[in-house]
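Participant: The numbering of the sequence shown is the numbering used here, which starts it at -18 and goes up by one. All C-beta atoms in this analysis are idealised placements derived from N, C-alpha and C, irrespective of residue type, glycine included. This structure is in structure tokens; I'll ask about it shortly.
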Amino acid sequence: MNKIESLYADFIQERENNALKRYLTDVTTPKAGRVITGGREYINFSSNDYLGLSQHPTLIERTQKWAAQYGAGSAASRLVTGNVEIFTALENKIAAFKNKQAALVMVSGFQANASILPALFDKNTLGEAPLVFSDKLNHASMHLGCQAASITQMRYRHNDMAHLEELLEKNKQSGTPKFILTESVFSMDGDIAPIDKIAALAKKYDCFLIVDEAHATGVLGINGSGLALKADLVIGTFSKAFGAFGAYIACSKMLKEYLVNKCSGLIYATALPPAVLGAIDAAIDMVPTMNTERARLQNIAQNFRNEMNDLGFDCGDSATQIVPIMIGQSDDALSFSENLKSKNIWAAAIRPPTVPNNTARIRFAFSAAHTEDDLDQLITTLKSYNIKAAA
Ligand SMILES: Cc1ncc(COP(=O)(O)O)c(C=O)c1O
């Protein structure tokens, strides 16, 4: 190992010493809501396949069909020759679903945030660096986008409208362009941002509102269209409730045109392959029709929260299909997760830096694919825990 490599090895060692090391585990997913590893099948409570679409025959069929018809890859950036004709019809469907003038398909949610935000915050376009007010718990990809734009974020306490308004008030005299940046459903807490209040503040203080709907798209709102109707620009992903991959931006026609001209993640990246577009296209046909699955999903999560509260577990402010059980220390969260695995339940321990220090947790993510037996097994297992011994 050379000197530079030894520095990386030190990093890994430190992570290991603090129960923070990550591993890649080979798994097979035989069907939605299940995972197999090491020859053993687990009920999967950690995936974001909220509607169970990742294994759906309709998605798989259109994936195969579009690959056969258009090829395995798009072979170029969308601005060159990668803009396979199916993009336009798909983007029209997404825009209609999100009730916006236009939509733009991007390679992934992470890549979208990392490259759209620098385009929107570009100081040459805006005339000066903007003021960006962002929720403290925003996803890592949003922080990366802000860093790439070289702007200083004004971070307000998570979902704290008084704090957001205080920061806006302090800066109200400034004619500098202002943005508010939030998720609608927070990925590690499963709580919901007060979007109406945020939108009202955006209006009052003349801010442009950007909302990441990664965990709301397909799950919440009218026909699963999300919660951010009042946002100026919405970012969302097809990798979660849509069971596929890729991401979208929904906005005005003019903004789409601006992003096509300015967003590095679109200009300098190869377009999504036709097979993936096929899966997204099938999912966008199905998702609006899945109100029964959506209602069941929320019932499952509410029932789980009630049971956990009765047992004395802390589920934070969860109000969605994502329900954490707060543990605190990373090693405790790891052993809790291992313990669940011994009962054939796969529920990952989420540790810093993904979540703030001392807030390690088990993140349960429910899916419409979970059966009543799966849920009974989970609750029965957790009931057998002595809460103190488990943590
Ligand atoms: C809020 C949020 N935004 C963006 C992403 C990234 O999306 P993708 O998985 O499509 O890259 C995630 C995924 O974890 C997320 O939770």
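Given this structure, state the Cα-to-Cα distance separating S316 from V61, to the nearest angstrom.
Facilitator: Against the sequence shown, residue 316 aligns to sequence position 335. Against the sequence shown, residue 61 aligns to sequence position 80. Taking the straight line from one Cα to the other gives about 50 angstroms.
Participant: Do you know how far the Cα of N73 is from the Cα of K234?
Facilitator: In the sequence shown, residue 234 corresponds to position 253, counting from 1. In the sequence shown, residue 73 corresponds to position 92, counting from 1. Their backbone Cα atoms lie some 11 angstroms apart in a straight line.
Participant: So what does DSSP say about F399, is it helix, strand or coil?
Facilitator: This structure cannot settle anything about residue 399, because the visible part of the chain is limited to -18 through 372.
Participant: Identify whether L112 lies in helix, strand or coil by the three-state DSSP scheme.
Facilitator: In the sequence shown, counting from the first residue as 1, residue 112 sits at position 131. In this structure, L112 counts as strand in the three-state DSSP scheme.
Participant: Using the C-alpha atoms, what's the distance from L125 back to D103?
Facilitator: Position 122 of the sequence shown, counting from 1, holds the residue named residue 103. Position 144 of the sequence shown, counting from 1, holds the residue named residue 125. For D103 and L125, the distance between alpha carbons rounds to 14 angstroms.
Participant: Check M271 in the structure and name its three-state DSSP category.
Facilitator: Position 290 of the sequence shown, counted from the first residue, corresponds to residue 271. Note: M271 maps to coil in three-state DSSP.
Participant: I'd like the list of long-range same chain contacts for Y137, defined as Cβ closer than 7 angstroms, with 5 residues on each side in sequence excluded.
Facilitator: As a first step, residue 137 is located in the sequence shown; it is residue number 156 there, counting from the start. These residues qualify, in order along the chain: F114, D116, K117, H144, L145 and L148.
Participant: Taking the alpha-carbon positions, what's the K79 to L236 distance?
Facilitator: Reading the sequence shown from its first residue, position 98 is the one you call residue 79. Reading the sequence shown from its first residue, position 255 is the one you call residue 236. Whole-angstrom Cα-Cα distance: 15 angstroms.
Participant: Could you round the C-beta distance between N94 and M123 to whole angstroms and report it? I think they count as a contact, below 8 angstroms.
Facilitator: By one-based count along the sequence shown, residue 94 stands at place 113. By one-based count along the sequence shown, residue 123 stands at place 142. That belief holds up - the Cβ atoms of N94 and M123 are roughly 5 angstroms apart, short of 8 angstroms.
Participant: Could you check which residue in M271, N29 and S89 has the C-alpha nearest to that of K221?
Facilitator: Counting from 1 along the sequence shown, the entry for residue 221 is found at position 240. Nearest C-alpha to K221: N29.
Participant: So, N339 versus G309, is the Cβ gap smaller than 7 angstroms?
Facilitator: Along the sequence shown, one-based indexing puts residue 339 at 358. Along the sequence shown, one-based indexing puts residue 309 at 328. Yes.
Participant: Return yes when at least one heavy atom of ligand 1 lies under 6 angstroms from the C-beta of H120, else no.
Facilitator: For the purposes of this step, residue 120 is identified with residue 139 of the sequence shown, where counting begins at 1. Yes.
Participant: Is E164 near ligand 1, with its Cβ less than 6 angstroms from a heavy atom?
Facilitator: Residue 164 sits at position 183 when you count from the first residue of the sequence shown. Correct: E164 has its Cβ closer than 6 angstroms to ligand 1.
Participant: Out of R332, L359, K184 and A13, point me to the one whose CA is closest to M284's CA.
Facilitator: Position 303 of the sequence shown, counting from 1, holds the residue named residue 284. One point to set straight first is that residue 284 is Asn, not Met, in the sequence displayed. The shortest Cα separation from N284 among R332, L359, K184 and A13 belongs to L359.
Participant: What would DSSP say about E66, mapped onto helix, strand or coil?
Facilitator: The residue you call residue 66 lines up with position 85 of the sequence shown. Here E66 sits in coil by DSSP.
Participant: Jot down the residue ranges of each uninterrupted beta strand (DSSP E) in the segment 35 to 105, minimum 3 residues, whole runs only, in chain order.
Facilitator: For the segment 35 to 105, whole beta strand (DSSP E) runs of length 3 or above, ordered along the chain, are 83 to 87.
Participant: My parser needs the alpha helix (DSSP H) runs of 4 or more residues fully inside the segment 154 to 207; what are they?
Facilitator: Complete alpha helix (DSSP H) runs here, min 4: 176 to 185.
Participant: Rounded to the nearest angstrom, what separates S155 and E109 at their Cα positions?
Facilitator: In the sequence shown, counting from the first residue as 1, residue 155 sits at position 174. In the sequence shown, counting from the first residue as 1, residue 109 sits at position 128. If you take the alpha carbons of S155 and E109, they lie about 12 angstroms apart.
Participant: Tell me where the alpha helix (DSSP H) around V16 begins and ends.
Facilitator: As a working note, residue 16 is residue 35 in the sequence shown. That residue, V16, is in no alpha helix (DSSP H); its beta strand (DSSP E) goes R15 to T18.
Participant: Can you tell me whether F347 sits near ligand 1, meaning its C-beta is under 6 angstroms from at least one heavy atom of the ligand?
Facilitator: Looking up residue 347 in the sequence shown gives position 366. Result no, Cβ not under 6 angstroms from ligand 1.
Participant: Assuming G90 contacts I216 (C-beta within less than 8 angstroms), just tell me the rounded distance between them.
Facilitator: Locating residue 90 in the sequence shown gives position 109, counting from the first residue. Locating residue 216 in the sequence shown gives position 235, counting from the first residue. With 8 angstroms as the limit, G90 and I216 qualify as a contact, their Cβ atoms being about 7 angstroms apart.
Participant: Indicate, with yes or no, if ligand 1 has a heavy atom lying under 6 angstroms from the CB of D193.
Facilitator: Working through the sequence shown from its first residue, we reach residue 193 at position 212. Yes, ligand 1 has a heavy atom inside 6 angstroms of this Cβ.
Participant: Identify the continuous alpha helix (DSSP H) that holds R136 and give its terminal residues.
Facilitator: The residue you call residue 136 lines up with position 155 of the sequence shown. Counting along the chain, R136 falls outside any alpha helix (DSSP H), though it belongs to the beta strand (DSSP E) covering Q134 to Y137.
Participant: Tell me the rounded alpha-carbon separation between R59 and A225.
Facilitator: Numbered from 1 along the sequence shown, position 78 holds the residue referred to as residue 59. Numbered from 1 along the sequence shown, position 244 holds the residue referred to as residue 225. Computed Cα separation, rounded: 20 angstroms.
Participant: Would you be able to state if there are at least three C-beta pairs under 8 angstroms between the segment 347 to 355 and the segment 161 to 172?
Facilitator: Too few Cβ pairs lie closer than 8 angstroms, so no.
Participant: Between the alpha carbons of N280 and D213, how many angstroms are there, rounded?
Facilitator: As a first step, residue 280 is located in the sequence shown; it is residue number 299 there, counting from the start. As a first step, residue 213 is located in the sequence shown; it is residue number 232 there, counting from the start. Spanning the two alpha carbons is a distance of roughly 31 angstroms.
Participant: Quick one: is the Cβ of T218 within less than 6 angstroms of any heavy atom of ligand 1?
Facilitator: Translated into positions along the sequence shown, residue 218 becomes position 237. Checking every heavy atom of ligand 1 against the Cβ of T218, one is found closer than 6 angstroms.
Participant: Between the Cα of A84 and those of T218, H37 and L278, spot the shortest distance and give me the residue it belongs to.
Facilitator: Here the question's residue 84 lines up with position 103 in the sequence shown. Minimum Cα distance to A84 is reached at T218.
Participant: Measuring alpha carbon to alpha carbon, tell me which of G20, L32 and P11 ends up nearest H351.
Facilitator: In the sequence shown, residue 351 corresponds to position 370, counting from 1. Looking at the Cα atoms, L32 is the closest of the given residues.
Participant: Grouping DSSP H, G and I as helix and E and B as strand, with all else coil, what is R342?
Facilitator: Translated into the one-based positions of the sequence shown, residue 342 becomes position 361. In this structure, R342 counts as strand in the three-state DSSP scheme.
Participant: Going along the chain, which unbroken runs of the alpha helix (DSSP H) with 4 or more residues stay wholly within the segment 242 to 270?
Facilitator: If we require 4 residues or more, the alpha helix (DSSP H) runs fully inside the segment 242 to 270 come out as 245 to 248 and 255 to 267.
Participant: Taking 6 angstroms as the cut-off, is the beta-carbon of F68 closer than that to any non-hydrogen atom of ligand 1?
Facilitator: To locate residue 68, count along the sequence shown from 1; it is residue 87. No, since every heavy atom of ligand 1 falls outside the 6 angstroms radius drawn around the Cβ of F68.
Participant: Secondary structure at A371, three-state DSSP: helix, strand or coil?
Facilitator: If you number the sequence shown from 1, residue 371 lands on position 390. For A371, the pLDDT reaches just 48, beneath the cut-off of 50, and the residue's location in the model is therefore unreliable, leaving the point undetermined.
Participant: In three-state terms, what does DSSP make of D354?
Facilitator: Taking the first residue of the sequence shown as 1, we reach residue 354 at position 373. Three-state DSSP puts D354 in a helix.
Participant: Is any beta-carbon of chain D found at less than 7 angstroms from that of L40?
Facilitator: In the displayed structure, chain D is absent; only one protein chain is listed.
Participant: Exposed or buried, which one is L107 when buried takes at least 16 other CB atoms within 10 Å?
Facilitator: Numbered from its first residue, the sequence shown carries residue 107 at position 126. Classification of L107: exposed, given that the 10 Å Cβ count is below 16.
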